[in-house]
Amino acid sequence: MAIKLDDKKAIVAEVQEAAKGALSAVVADARGVTVGKITALRKQAREAGVWVKVVRNTLARRAVDGTEFECLKEVFVGPTLVAFSKEHPGAAARIFKDFAKENKNFELKGAAFNGTTVNIDVLASLPTYDEAIARLMSTMKEAAAGKLVRTIAAVRDQKQEQAA
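As structure tokens, this is what we get:
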């Protein structure tokens with residue numbers, strides 16, 4: 810179906826706006842996936858702060874011109890589903906990767922982070938903000954507990970030496 814020039818400009822502007830505030834992007838091919846499953850994917854993405862849209866390749870290429878996602882131009886081939894993560898860099902990759910496990914027809918094409926293409930698995934494995942804070946706190950807690958144990962042991966050893 811032909812799209813009017815004004816509509817094309819609006820789509821490009823919408824994708825550019827999404828790309829400007831995004832932390833990362835993931836591109837996939839959703840051929841063969843039912844509308845119901847794609848709708849569920851979009852709902853899940855929306856809840857995670859991920860912008861998802863099916864975009865024509867020429868419009869997608871124009872939209873990413875001048876953005877940090879320009880490196881994805883070569884993956885805009887065939888039906889294209891674009892996702893931009895707004896809140897967490899790994900959110901879109903994690904959602905798409907999980908969806909691809911359940912739907913064999915869903916093909917992951919590429920991902921970008923900080924202006925370079927990255928492996929989708931690496932991007933999906935990034936911890937969320939809360940997970941990263943929890944890891945940091947547990948590391949700090951372990952270090953403090955270990956230091957306390959060593960200090961108490963040193964005091965004990967010192968008292969044993971004085972007693973001897």
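My numbering runs 809 ahead of the 1-based position in the sequence shown.
Don't be surprised by glycine CBs; every beta carbon is placed ideally from N, CA and C.
- Secondary structure remark: continuous beta strand (DSSP E) runs of at least 3 residues inside the region 878-928, in chain order: 890-894, 916-922 and 925-927.
- Apart from sequence neighbours up to five positions away, the residues of its chain that approach K817 with a beta-carbon distance below 7 Å are L868, ordered along the chain.
- Taking a C-beta distance under 8 Å as the contact criterion, L890 and V861 qualify as a contact pair.
- Going by DSSP, K813 is part of no beta strand (DSSP E) at all; its letter is neither H nor E.
- Note on geometry: alpha-carbon atoms of I961 and M949 lie some 18 Å from one another.
- The region 847-857 makes contact with the region 901-909; the number of CB pairs closer than 8 Å reaches 3 or more.
- In this structure, DSSP gives D838 an extended state, which the three-state scheme calls strand.
- For L832, the closest C-alpha among the options E896, C880, A839 and Q967 is that of E896.
- V859 and A827 have their alpha carbons spaced roughly 10 Å apart.
- Under DSSP, S833 shares a beta bridge with S894 and F922.
- When the beta-carbon positions are compared, A892 and V821 stay at least 8 Å from each other.
- Considering only G830, A811, G845 and E883, the residue with the shortest C-alpha distance to A837 is E883.
- For E951, there are no CB contacts under 8 Å within the same chain when 5 residues up- and downstream are skipped.
- Collapsing the DSSP output to three states places V861 in a strand.
- Rounded to the nearest whole angstrom, the CA to CA distance from C880 to N866 is 14 Å.
- Per DSSP, reduced to three states, the secondary structure at S947 is helical.
- In this structure, the beta-carbon distance from A839 to A921 does not fall below 8 Å.
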